[in-house]
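There are 2 protein chains.
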Amino acid sequence: MSRLQIHDVGLRDGLQMEKTQVPFDTKIHWIRTLIDSGVDIIQAGSFVHPKLVPQMVDSDRIFQEILPEKPRDVVLSGLVLNEKGLERGMDCGVELFCMGVSASETHSLKNTRMTTEQALAQILSMARTAEEEGRSVQVSVQSAFGCGYEGPIEKQKVLAIVDAYLNAGFRNISLADTAGHADPGRVTELFDSVRELDPRVETACHFHNTYGLGIANSLAAREAGVTCFEASFAGLGGCPFTAVAGGNVCTEDLVHLFQRMGLRTDIRLDPLVHLAEEVSEFFGRELPGSVYKTGPIPSSPPSEP
Amino acid sequence: MSRLQIHDVGLRDGLQMEKTQVPFDTKIHWIRTLIDSGVDIIQAGSFVHPKLVPQMVDSDRIFQEILPEKPRDVVLSGLVLNEKGLERGMDCGVELFCMGVSASETHSLKNTRMTTEQALAQILSMARTAEEEGRSVQVSVQSAFGCGYEGPIEKQKVLAIVDAYLNAGFRNISLADTAGHADPGRVTELFDSVRELDPRVETACHFHNTYGLGIANSLAAREAGVTCFEASFAGLGGCPFTAVAGGNVCTEDLVHLFQRMGLRTDIRLDPLVHLAEEVSEFFGRELPGSVYKTGPIPSSPPSEP
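Read top to bottom, the protein sequences are chains P and Z.
Position one of the first sequence corresponds to residue 0 (numbering that gives the first Met the number 0), numbered consecutively onward.
Position one of the second sequence corresponds to residue 0 (numbering that gives the first Met the number 0), numbered consecutively onward.
In structure tokens, the structure reads:
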């Protein structure tokens, strides 16, 4: 099994619903802390019109600031939704382009004003362009485990999109549980089916903790061979275009769990915990993460207070 | 595999740390709602000196009120810590006596003023008395997965207590993660080891969600053959005698997950969700449960608001 990767999407999925605008310098500081922790991929922003998601207004500048200073083994990813966004992402040096199609027609229409079929054609074209320019691409299926508007999503609908990606040569595929409807059984089933389509597929998972199942789903994903885990520091998150929003799986909680299992013990939990504390202070509220409140499970007797 | 059972411990473990005294009538109403939901076992209180845990002051009266009216297939359990408590529990008709020993010397001393060895001798004697009087008994190992004071607890220490229970003929055994230190790997390992001691053992699990792992641990326990799951409505809970306290696994979240897996679809989620709403209103704060905030994952398209 390949080494597990952590893809922190807090700067993008974590912040996009927040009404308090996070200043540029604060975002830069948060990204530097993430880099310091040793997570593998950091989603530094999305390229969407600032009228739609004001929090993402400075994505281009963030890439320009961080790219020259970051270590080579940390990848900066950016989410793009359309050709215009792709162009902006190209210009500011995005290393890994994340782009996707919703398996839910309703979600697709609300999010992109395109049907799933129209969105798929556009994404395949954009993914080709990005690859031709030498950038890495991760394609995703949003609402892969259910939709806040439509309810359950048929497995075949998800697999048809995955199949189109594979046929076009894109093997880095994320299944996103946009509404948080996944449960461990469904996670196993869907990722197993994806692997049956092509054993060479590299899968990523993206879970929201809406119904309290994010960590359990992540474990099921790992058992199904998923190697890349999308999560947000402090458990921030929630898509503004879904009906019931819940935060992303919390990065430091997931890292903490993996480390209990002997995995990715090279990632530094301390900076992640401090980041969550800072973020909680910034927004002036308690955030969903657990470990930033408790510290990690003691591996030796705690000293008396 | 036997049918999974839900043992709601909210009235006891859930309330014992709460400073706002819950009136007798409110407790009765909450228990009636739990009965209405169809959970299997309800821990209606503990028999401890009211000076130590004022919230448990009316345990005897609660049993006296509920026992005559409850359906036969719902079991009322009570926690007892000493001979005096056992006597009170006998007098008021407790059906299932829960009693246990901490695998942590420090926790044992703080909680009972006895060493683990002393506590074990006492519990075995009490368990025999209860069985002789025709009552059911569940014996437990507290701090089985780690201790807020001592940190990690050696597996052999836990298994020695389990072995003593088994040798004395007590096969209904709960492993309690008092401090919330369990992780899924450790859960699998410990319950597998218990089953190796005696394949006829009936195991229960009791997880706290301190580090966000309660649901994942419950799933691991189920895979390891555990059939009884202790949980608290609304995710209330936390032991006053441990260092870092986190709520119990949330009953309605666990039932919701099991039902997604096709298990225990006979339990009615609605009363559990309404109960959590009521409890949240009673205490005037948001509680840890997820599903009472969101409702269950829609199994069909939700109607437009």
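We put the beta carbon where it would ideally sit given N, CA and C, even for glycine.
It should be emphasised that the depicted structure is a prediction, and the values quoted were computed from it without experimental measurement.
Does the beta-carbon of K83(P) have 16 or more other beta-carbons within 10 angstroms, so that it is buried, or is it exposed?
-> Numbered from 1 along the first sequence, position 84 holds the residue referred to as residue 83(P). K83(P) should be labelled exposed.
CB of S139(Z) within 8 Å of CB of A175(Z), strictly = Taking the second sequence and counting its residues from 1, one reaches residue 139(Z) at position 140. Taking the second sequence and counting its residues from 1, one reaches residue 175(Z) at position 176. The answer is yes: Cβ separation under 8 Å.
Inter-residue spacing [alpha-carbon to alpha-carbon] between E17(P) and V290(Z) = Your numbering for residue 17(P) matches position 18 in the first sequence. Your numbering for residue 290(Z) matches position 291 in the second sequence. E17(P) and V290(Z): Cα-Cα distance of roughly 22 Å.
Could you give the DSSP three-state label for G150(Z): helix, strand or coil?
-> Locating residue 150(Z) in the second sequence gives position 151, counting from the first residue. Strand, per DSSP.
Flag D182(P) as yes if its beta-carbon sits less than 8 Å from any beta-carbon of chain Z, otherwise no.
-> In the first sequence, residue 182(P) corresponds to position 183, counting from 1. Interface residue (Cβ-Cβ distance to chain Z less than 8 Å): D182(P) is classified as such.
Apply the 10 Å Cβ neighbour rule to Q137(Z) and answer buried if 16 or more other Cβ atoms are within range, or exposed otherwise.
-> One-based indexing of the second sequence puts residue 137(Z) at position 138. Classification of Q137(Z): buried, given that the 10 Å Cβ count is 16 or more.
In whole angstroms, what separates the C-alpha of S45(Z) from that of G224(P)?
-> Here the question's residue 45(Z) lines up with position 46 in the second sequence. Here the question's residue 224(P) lines up with position 225 in the first sequence. The straight-line gap from Cα to Cα measures roughly 45 Å.
Just tell me which of E86(P), V73(P) and Q15(P) has its CA closest to the CA of L51(P).
-> Within the first sequence, numbered from 1, the residue matching residue 51(P) stands at position 52. It is Q15(P) whose Cα lies nearest to the Cα of L51(P).
Between L66(P), E104(P) and A118(P), which lies nearest to V93(P) when the distance is taken from Cα to Cα?
-> Walking along the first sequence from the start, residue 93(P) turns up at place 94. Comparing Cα positions, the closest option is L66(P).
From the DSSP output, read off the bridge partner residues of A175(Z).
-> Counting from 1 along the second sequence, the entry for residue 175(Z) is found at position 176. Bridge partners of A175(Z): H205(Z).
Do the segment 195-209 of chain Z and the segment 176-186 of chain Z make contact, defined as three or more Cβ pairs closer than 8 Å?
-> Note that the segment 195-209 of chain Z touches the segment 176-186 of chain Z; at least 3 beta-carbon pairs, one per stretch, sit closer than 8 Å.
Near L33(Z), what residues of its chain come up, given a Cβ to Cβ distance below 6 Å and the 5 sequence neighbours on each side ignored?
-> Residue 33(Z) sits at position 34 when you count from the first residue of the second sequence. Excluding residues within five positions, the ones whose Cβ falls inside 6 Å are D7 and I41.
Please confirm if I296(P) has its CB atom under 8 Å from at least one CB of chain Z.
-> On the first sequence, position 297 is the one that residue 296(P) refers to. For I296(P), the answer is yes, since a Cβ of chain Z falls inside 8 Å of its Cβ.
Under 8 Å between C-beta atoms, does A167(Z) make it to chain P?
-> Counting from one through the second sequence, the residue named residue 167(Z) turns up at place 168. Closer than 8 Å: no.
How big is the Cα-Cα spacing for T19(P) and N81(P)?
-> Translated into positions along the first sequence, residue 19(P) becomes position 20. Translated into positions along the first sequence, residue 81(P) becomes position 82. When rounded, the distance between both Cα atoms is 26 Å.
Which residues in the same chain as E104(P) place their Cβ atom closer than 8 Å to its Cβ, once the five residues preceding and following it in sequence are excluded?
-> For the purposes of this step, residue 104(P) is taken as residue 105 along the first sequence, with counting starting at 1. Taken in chain order, the residues that qualify are T114, T115 and E149.
Report the residues of the segment 1-32 of chain P with a CB closer than 7 Å to any CB of chain Z, ordered along the chain.
-> none
D12(P) and G211(Z) closer than 8 Å at C-beta = Here residue 12(P) is taken as the residue at index 13 of the first sequence, counted from 1. Here residue 211(Z) is taken as the residue at index 212 of the second sequence, counted from 1. Not in contact: D12(P) and G211(Z) (Cβ atoms no closer than 8 Å).
Just the Cα atoms here: how many angstroms apart are L165(P) and L95(P)?
-> In the first sequence, residue 165(P) corresponds to position 166, counting from 1. In the first sequence, residue 95(P) corresponds to position 96, counting from 1. C-alpha separation (whole angstroms): 18 Å.
Can a CB atom of chain Z be found closer than 8 Å to the CB of I266(P)?
-> Residue numbering aside, residue 266(P) sits at position 267 when the first sequence is read from its first letter. Answer no: the Cβ-Cβ gap between I266(P) and chain Z never drops below 8 Å.
Using a C-beta to C-beta distance shorter than 7 Å, which residues of chain P count as neighbours of H145(Z)?
-> Position 146 of the second sequence, counting from 1, holds the residue named residue 145(Z). Note on identity: in this sequence residue 145(Z) is Gly, with His being the wrong assignment. Per Cβ cutoff of 7 Å: I296.
Distance between E229(P) and R31(P) (C-alpha atoms, nearest Å) | For the purposes of this step, residue 31(P) is identified with residue 32 of the first sequence, where counting begins at 1. For the purposes of this step, residue 229(P) is identified with residue 230 of the first sequence, where counting begins at 1. A straight-line Cα-Cα distance of about 18 Å links R31(P) and E229(P).
Answer yes or no: do L85(P) and M125(P) have a C-beta to C-beta separation smaller than 8 Å?
-> Here residue 85(P) refers to the residue found at position 86 of the first sequence. Here residue 125(P) refers to the residue found at position 126 of the first sequence. Yes.
By DSSP, does V79(P) sit in helix, in strand, or in coil?
-> Taking the first sequence and counting its residues from 1, the one referred to as residue 79(P) is at position 80. Strand at V79(P).
Mind checking the segment 274-293 of chain P against chain Z and listing, in chain order, the residues whose C-beta falls within less than 8 Å of any C-beta there?
-> G288, S289, V290 and T293
Scan the segment 52-102 of chain Z and note each continuous beta strand (DSSP E) run of 3 residues or more that stays entirely inside, going in chain order.
-> 74-79 and 95-101
Closest by C-alpha distance to D90(P), when choosing among V100(P), R112(P) and Q63(P) = Within the first sequence, the letter at position 91 stands for residue 90(P). Out of V100(P), R112(P) and Q63(P), Q63(P) has the C-alpha closest to the C-alpha of D90(P).
At which residues does the alpha helix (DSSP H) containing S299(P) begin and terminate?
-> Reading the first sequence from its first residue, position 300 is the one you call residue 299(P). It is not in any alpha helix (DSSP H) - S299(P) carries neither H nor E in the DSSP assignment.
Backbone CA spacing between L75(P) and R112(P) [nearest angstrom] = Working through the first sequence from its first residue, we reach residue 75(P) at position 76. Working through the first sequence from its first residue, we reach residue 112(P) at position 113. So the alpha carbons of these two residues sit roughly 28 Å apart.
Interface flag, S299(P) vs chain Z, CB-CB below 8 Å = The count along the first sequence starts at 1 and reaches residue 299(P) at position 300. Output row for S299(P): interface = yes.
Assigned secondary structure, G44(P) (DSSP; H/G/I helix, E/B strand, else coil) = Here residue 44(P) corresponds to residue number 45 of the first sequence, with the count starting at 1. Note: G44(P) maps to strand in three-state DSSP.
Cα separation between M98(Z) and P198(P)?
-> By one-based count along the second sequence, residue 98(Z) stands at place 99. By one-based count along the first sequence, residue 198(P) stands at place 199. Computed Cα separation, rounded: 51 Å.
I266(P) (DSSP reduced to helix, strand or coil) | Locating residue 266(P) in the first sequence gives position 267, where the first residue counts as 1. Of the three classes helix, strand and coil, the one that applies to I266(P) here is coil, per DSSP.
To which residues of the same chain is C146(Z) closer than 7 Å at the C-beta, ignoring the five residues directly before and after it?
-> Position 147 of the second sequence holds residue 146(Z). S103, T105, H106, I152 and A178, listed in sequence order.
Under the three-state reduction of DSSP, which class applies to D39(Z): helix, strand or coil?
-> By one-based count along the second sequence, residue 39(Z) stands at place 40. Three-state result, D39(Z): coil.
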